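In what follows, a single structure is set out as structure tokens and then discussed.
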């Protein structure tokens with residue numbers, strides 16, 4: 025997606041790998057969420073701010089949408105092998121889902137984050153693969 029506005033002057037959350045963050049009234053929040061709420065209003069309870077472009081540093085509000093949790097699952101389930109930069113194949117995901125190994129061990133084996141493994145095992149990602 026073209027037209028990203030990258031936030032480079034704020035600390036990135038999750039050990040430097042996540043969305044840029046800032047503190048507002050003592051509460052840590054993503055720069056994107058703060059910008060969305062300031063420009064477009066509050067995000068309703070049960071809804072999340074979804075980044076459509078995939079660049080975690082992007083703060084272009086045209087690249088975001090508010091989705092229900094169930095809609096977010098539908099959107100993220102379409103990601104995977106259809107994306108050229110996917111590190112995992114459906115066969116990998118089947119092995120991950122069936123494995124008794126811990127998240128961190130599997131993450132090392134497959135070259136992905138432990139949260140990716142957790143999301144696969146809990147059905148938040150790759151839900152279409154069983």
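Numbering (our numbering), first residue to last: 25 to 154. Backbone N, C-alpha and C define an ideal beta-carbon position, used for all residues, glycine too. Please read all numbers here as calculations on a predicted model, not as lab measurements.
Reference residue i; option with closest CA among the options
| i | options | result |
| --- | --- | --- |
| residue 80 | 34, 129 and 130 | 34 |
| residue 87 | 47, 59, 126 and 123 | 59 |
| residue 83 | 29, 144 and 142 | 29 |
| residue 115 | 99, 125 and 134 | 134 |
Buried versus exposed, by CB contacts within 10 Å (16 or more), residue i
| i | result |
| --- | --- |
| residue 123 | exposed |
| residue 44 | buried |
| residue 32 | exposed |
| residue 117 | buried |
| residue 93 | exposed |
| residue 153 | buried |
| residue 64 | exposed |
Helix, strand or coil at residue i [DSSP, three-state]
| i | result |
| --- | --- |
| residue 57 | helix |
| residue 47 | strand |
| residue 80 | coil |
| residue 122 | helix |
| residue 36 | strand |
Residue(s) in a DSSP beta bridge with residue i
| i | result |
| --- | --- |
| residue 71 | 92 |
| residue 155 | The chain is shown from 25 up to 154; residue 155 falls before or after that span and cannot be answered. |
| residue 140 | According to DSSP, residue 140 bridges with nothing at all. |
Chain-order list of residues whose beta-carbon lies under 7 Å from that of residue i (same chain, five-residue window excluded)
| i | result |
| --- | --- |
| residue 142 | 127 |
| residue 96 | 72 and 74 |
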